[in-house]
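Here is the structure we will look at, set down as structure tokens.
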Amino acid sequence: MGVFQPEKTHDSKISSMSYALRWKHENLRQISTAAIVTIAVTLMILLLVYSQSRKQVYLVVDGQMKSVQTNTSLLQEMLEEQEISLKPEDHISMPLSGAISDGDKVVIDRASPVKVTADGATKHLYTTAKTVGDVLKETGVKVKETDIVTPAVETAVSTNTDIRIVRMNKQVVQRHESLPFRVVKTSDPSIYKGESRVIQQGSPGVMVQYIEKKYKDGKLVSVKMVGKKVQTVTKDKVIAVGTKELRQILRDKR
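To convert a position in the sequence shown, counted from 1, into the working numbering, add 38.
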């Protein structure tokens with residue numbers, strides 16, 4: 039006996055093909071839907087990560103503040119992103135290698151070129167000092183009350199400020215001046231006319247003058263007397279002049 043084989047008809051073949059096509063269509067639709075969902079979820083995750091890494095940083099450069107949006111993590115990276123370069127002398131409020139967070143404020147003070155002339159030497163330097171006095175402290179230049187500082191120590195520093203210190207010194211010295219004595223003549227009736235006698239020898243006095251000398255950067259610029267006093271009093275020379283008459287002498291002899 040043989041095995042009975044069902045006869046395959048044209049309709050059964052068409053039915054099988056339709057089922058396969060439906061299955062394939064359904065699976066493709068599910069795969070497409072899954073892919074779309076996966077892409078959407080990925081995009082949402084990326085947007086979430088991006089939004090979380092996005093920071094608003096306030097950057098203050100020479101007193102001018104601006105808001106910066108950045109995804110960088112380090113200050114150095116943010117400055118490079120903003121094309122901001124720094125000199126070694128510039129002052130920044132946080133390390134370049136420091137991490138930045140949302141809401142941070144970074145302050146940058148750019149160094150200005152200045153010139154300082156004192157004691158015959160000139161220094162060219164960059165500084166973030168605010169005033170002339172601060173620059174002098176920073177450079178170690180000592181200033182006395184008598185020195186002349188131009189511009190004044192409280193002046194704000196700007197680009198190419200030219201600072202000059204003139205050393206003013208003064209010295210008081212003594213100068214001795216001789217005072218001549220007077221010659222005083224007195225009448226003496228015990229001495230004959232035409233004769234005289236020194237009763238007291240004269241001697242000169244001494245006047246001390248106090249002389250102030252002012253020097254500007256070591257050069258003498260003025261000399262004036264600021265005081266004086268008598269150190270030794272003069273002693274007059276006294277001469278007795280005779281007034282006695284000769285005829286009276288003759289009468290006395292008689």
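For every residue, glycine included, the Cβ atom is placed at its ideal position computed from N, Cα and C. Model, not experiment: these values are computed from the prediction.
Delimiting residues of the alpha helix (DSSP H) encompassing residue i
i	result
residue 171	170-177
Per DSSP, the bridge partner or partners of residue i
i	result
residue 277	223 and 236
residue 252	208 and 260
residue 244	216 and 270
residue 201	154
Where residue i falls: helix, strand or coil (DSSP)
i	result
residue 71	helix
residue 282	strand
residue 270	strand
residue 193	coil
residue 46	Note on residue 46: pLDDT 49, under 50, position unreliable in the model; the coordinate value appears next. It is coil, neither helix nor strand.
Delimiting residues of the beta strand (DSSP E) encompassing residue i
i	result
residue 155	150-156
residue 161	159-165
residue 147	143-147
residue 188	186-188
Ranges of the alpha helix (DSSP H) found wholly within the region 81-138, counting only runs of at least 4: DSSP runs (the alpha helix (DSSP H)) wholly in the region 81-138: 113-119.
The region 149-168 / the region 108-123 touching (three or more Cβ pairs under 8 angstroms): no
At least three beta-carbon pairs within less than 8 angstroms, the region 231-238 to the region 200-210: Judged by pairs of C-beta atoms under 8 angstroms, the region 231-238 does not touch the region 200-210, as fewer than three such pairs exist.
Contact the region 256-271 vs the region 224-236: 3+ CB pairs below 8 angstroms: Output reads no: the region 224-236 does not touch the region 256-271.
The region 133-143 contacting the region 96-116, beta-carbon criterion three pairs below 8 angstroms: yes
Segment contact flag, the region 184-201 with the region 214-222, C-beta cutoff 8 angstroms, min 3 pairs: No: the two stretches stay apart, fewer than three of their Cβ pairs being nearer than 8 angstroms.
contact_flag[the region 243-255, the region 265-274] where n(CB pairs < 8 angstroms) is 3 or more: Contact check between the region 243-255 and the region 265-274: three or more CB pairs, one atom from each, fall below 8 angstroms, which counts as touching.
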